Every structure is written in C-alpha cells, then in structure tokens.
Amino acid sequence: METAVKHNFFHDGDTALIVDRKARQYLVNLAVGETFHSHLGRLAHDQLIDHSVGGWYRTDKGHTVLAVRPTLGDFVRKMPRGPQIIYPKDLGNITNFADLFPGATVIEGGLGSGALTSALLRAVGSGGRVITYEIDETLVSRAIKNIEKFHPDHSNHAICIADIYQGIAEQEVDRVVLDVPEPWNAVETIGDALVMGGIVLSFVPTIIQVQQFVLELERDTRFQMIESIETMLRSWHVTRRSVRPDHRMVAHSGFLTTAVRCEPRAGATQPDRSGRAPEDLDSDLDLIGEDEVEEASE
Ligand SMILES: C[S@@+](CC[C@H](N)C(=O)[O-])C[C@H]1O[C@@H](n2cnc3c(N)ncnc32)[C@H](O)[C@@H]1O
-13 METAVKHNFF HDGDTALIVD RKARQYLVNL AVGETFHSHL GRLAHDQLID HSVGGWYRTD
47 KGHTVLAVRP TLGDFVRKMP RGPQIIYPKD LGNITNFADL FPGATVIEGG LGSGALTSAL
107 LRAVGSGGRV ITYEIDETLV SRAIKNIEKF HPDHSNHAIC IADIYQGIAE QEVDRVVLDV
167 PEPWNAVETI GDALVMGGIV LSFVPTIIQV QQFVLELERD TRFQMIESIE TMLRSWHVTR
227 RSVRPDHRMV AHSGFLTTAV RCEPRAGATQ PDRSGRAPED LDSDLDLIGE DEVEEASE
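Heads up, the sequence shown is in the numbering used here, so the first residue is -13 and it goes up one at a time.
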C-alpha cells in the first residue's frame, strides 16, 4: 500500500481534482507558489506538489479536501465549450461500438470543443492518428486548449478545416466517427475512405437524423451490419438506510449508429431514396411470419 502511494505524487504542472466534503469539484492546474482559493479557505499548491494523489489536505480555515487526478470524464464535464459536447456516457460507448484500437487511423467529423477528439486520441494511443474535419475555424484554438489539458502531446492529431460532406482526402482509414448534423451527406465519401471492414459511427441527437443516415447507408450498398442504439445511464444513491435510483438523470443525449464497410451484396439492387431495395419491400412482414412459424413448432 505504502509503495503504491509513493508512486503516484502530484507534480508541478499536473492537474488535480479537488473534492470538498459536499462533493463539489474543482479542477486546479498545479504551479509552485500558487494558491487555490474557495469558500473553504486557501490551499497552497505546494501542499500537493510532491505529495500523494488521493490524499486529504487541509485549508487555512481547517477544512479537509480530497485531491485526486481528474479522469477524462471529469475534464470533459468541466471543459469550456461552445458547441454541444459529447458526454462521458456516450464517449465510452463510441470508443467501444466503433471498436477503436491502439494504432488505428480515425477520421473525425466535427471538432466542436474537442471532447470527442480527446476520447479518440486516448483510444488510438500514441501509435494511432486522428484527423478531424471542421468547417468552423473559430472553434480551433479553444478545442486545442481543451485537448492539450488531457493530451499535452497531441502531435498525432491533425485538424483539417474543410466540409466533410465534400470529401475525405485520406484513404484506407480504419474508422470514421461523426458528430455532424447531416451525416447522410458524408456517406459516399466515407465509403471511399474506409478500409474494407472499417467501421463508421455517427452520433446524432434526434431519431429523424438516425433514420436519414441509415437509409442513406443502405442506399449506398457498401455498408452492412447497420445498427442504431441509445444509452440510458442511471446512477444510484446507496447508503445504509436507503438504496434507490438518484432523483436526477440525463434522460437523453443522442443515438449511435454503426455500420461496417463491405463489398456490396451480390445481386443487391441500389435502393431508392426510401431506403428500400425492391426485393426488401416485404422483409418486415416476412420476419414476423418466420417468428410465428418458429414459435408454433416449439
Ligand atoms: C456538436 S459539434 C461537435 C462536438 C464535439 N464532438 C465535441 O464533443 O466537442 C458539431 C461540430 O461539427 C461541425 N460541423 C458541422 N458541419 C460540418 C461539416 N460539414 N464538416 C465538418 N464539420 C462540420 C460544427 O462546426 C461543430 O463544430
């Protein structure tokens, strides 16, 4: 135990997450000689520097606070933002369902405040690459500042000021991850850029956008295994006297749609704008019929 603690000290330039007794949290960039002020009093950064992560520290007013390292989720929740960020509950599922891996080359659509970019960079590691397409140049400096807080070395990240609907210059990329309002406009260029077996994932807030994206993926015929999901995350209040869901939750954030770049199915007819190939028109009814037959024979 003693050894484990000694291996994790705060250093000058680190970021600490200070937590008070009411669970209020503050992100503090530690610098020799600086002081953190709050209603609980003053805490010299030097009290933390060269001392243990996970330790309790006393302010000049006698209050104790906890100091830990912030997680990526802590950074994201507290980052200065303009466009709506993707929240930690979705970031985890994006890296999982897009099956990001260390060393992957990922094209991202929509830089925004850099929350998703930070998660992508972490998932691909120093051996991978993230290239972000963004149309609004004014967002870049704030996003880079946000990304730098979690990834001081982000030399494997490039920003391309361009409309991703108009084309992706890179070829044979492993993944495309989108947080743009009209992902269906990028389907053709994504199909051209992705390696065979590569995965596209799109995050959108409304189900109408999901439908339009899915229909366009089907119309393209190069995408298979198309799936759409939504995550509901509910935290629980657990004490000796009471165990129940918390009163508040973020009920809705957005939907994730994934698809795999494949060869078009032999004999597939390009569907019309309704998203249905002529041979698929009765497929929903056929499936209902098949289920009924299976149940009847059990
Ligand atoms: C919701 S924000 C992205 C937020 C980001 N994922 C985050 O977590 O901070 C959408 C971004 O997509 C950008 N955008 C919209 N249309 C685009 C396009 N056609 N090509 C590239 N970027 C686009 C917007 O300027 C905006 O920055």
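Using N, Cα and C, we set each Cβ at its ideal position, and we do this for glycine too. All figures in this text were calculated on a predicted structure; none of them were measured in a lab.
Apart from sequence neighbours up to five positions away, the residues of its chain that approach I35 with a beta-carbon distance below 7 Å are F(-4), H(-3), D(-2), L16, V18, ordered along the chain. For R28, the pairing in a beta bridge is given by DSSP as H23. By the neighbour-count criterion, in which 16 or more other beta carbons inside 10 Å mark a residue as buried, G96 falls on the buried side. A residue is called buried once 16 or more other Cβ atoms fall within 10 Å of its Cβ, and T243 is buried on that count. Chain order is used for the residues whose beta-carbon lies nearer than 6 Å to a heavy atom of ligand 1, namely P69, Q70, I71, I72, G95, G96, L97, G98, S99, G100, A101, L102, Y119, E120, I121, D122, L125, D149, I150, Y151, D165, V166, P167. In the displayed model, D76 falls within a helix according to three-state DSSP. With distances taken between CA atoms, T175 lies nearest to F209 out of F209, V190, S228.
Short of 6 Å from the beta carbon of V14, and not among the five residues preceding or following it, lie these beta carbons of its own chain, in chain order: A2, I4, F22.
Residue S99 holds the alpha-carbon nearest to the alpha-carbon of T124 among F61, S99, V110.
The Cβ atoms of V110 and G89 lie closer than 8 Å to each other. When DSSP states are grouped into helix, strand and coil, N82 belongs to the helix group.
Counting only runs of 4 or more residues that sit fully inside the stretch 50 to 134, the alpha helix (DSSP H) segments are 58 to 64, 74 to 83, 101 to 110, in chain order.
Annotation for F136: L58, F61, S104 place their beta carbon closer than 7 Å to its own, counting only its chain and skipping 5 residues before and after.
The three-state secondary structure of I185, taken from DSSP, is strand. In this structure L86 touches L106 by the C-beta definition: roughly 7 Å separates them, less than 8 Å. Rounded to the nearest angstrom, the gap between the Cα atoms of R28 and E20 is 10 Å. Of the candidates H238, P191, I154, the residue whose Cα lies closest to the Cα of D178 is I154. Collapsing the DSSP output to three states places N171 in a helix. When rounded, the separation of the alpha-carbon atoms in T192 and V51 is 41 Å. In the structure shown, E249 adopts coil according to DSSP, grouped into three states. In the DSSP assignment, Q195 falls within the alpha helix (DSSP H) that extends over 193 to 206. The DSSP-derived three-state label of L242 is strand. Around the C-beta of I185, 16 or more other C-beta atoms lie within 10 Å, and the residue is accordingly described as buried. In summary, S188 is buried, with 16 or more beta-carbon neighbours lying within 10 Å of its beta-carbon over all protein chains present. Distance from the CA of M65 to the CA of E134, rounded to the nearest whole angstrom, comes to 11 Å.
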